[in-house]
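For reference, the structure discussed in these notes is given below.
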Amino acid sequence: MVDKNLLTAQEQEELFRLGDDIQKDLSCDANGTGIPCRTDRLSAVENMKRYLEIHEYDVIAPGKYKEDEQKVRTLGPDNPEGA
Numbered sequence: 002m003v004d005k006n007l008l009t010a011q012e013q014e015e016l017f018r019l020g021d022d023i024q025k026d027l028s029c030d031a032n033g034t035g036i037p038c039r040t041d042r043l044s045a046v047e048n049m050k051r052y053l054e055i056h057e058y059d060v061i062a063p064g065k066y067k068e069d070e071q072k073v074r075t076l077g078p079d080n081p082e083g084a
């Protein structure tokens, strides 16, 4: 993204595709439980992550990265800023 307030044509197309994929993932009810299966939920999360990254948000998965584990564990109402 060149300007924080403007999306390129490619980013706009990707957002459109991601939005469509997210909706499809969350509307799937292959198990008949009213809840999307785990594979579809995780796919939706990955697409949401990319959607946010296009908007210049940094997204991390707690516990996936060793250097983040300590900070993730110490966040809470008494310590909102973490370690």
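Just so you know, this note's numbering puts the end of the sequence shown at 84, numbered straight through with nothing missing.
All C-beta atoms, glycine included, are put in the ideal place defined by N, C-alpha and C.
Asked	Found
8 angstroms contact criterion, which residue 37 and residue 22 should meet: CB distance rounded	Their Cβ separation, rounded to whole angstroms, is 12 angstroms, which puts residue 37 and residue 22 out of contact at 8 angstroms.
Cβ pair residue 1, residue 58 closer than 9 angstroms	Nothing about residue 1 can be read from this structure; the chain reaches only from 2 to 84.
Residue 48 classed as buried or exposed, judged by whether at least 16 other C-beta atoms fall within 10 angstroms	buried
C-beta neighbour in chain B for residue 35, strict 9 angstroms	The structure shown contains no chain B, having only a single protein chain.
Neighbourhood of residue 29 by C-beta, 7 angstroms cutoff - its chain only, sequence neighbours within 5 removed	37, 38, 41
Per-residue burial, residue 45 [other beta carbons within 10 Å of its own, 16 or more giving buried]	buried
C-alpha distance - residue 43 paired with residue 50, whole-angstrom precision	10 angstroms
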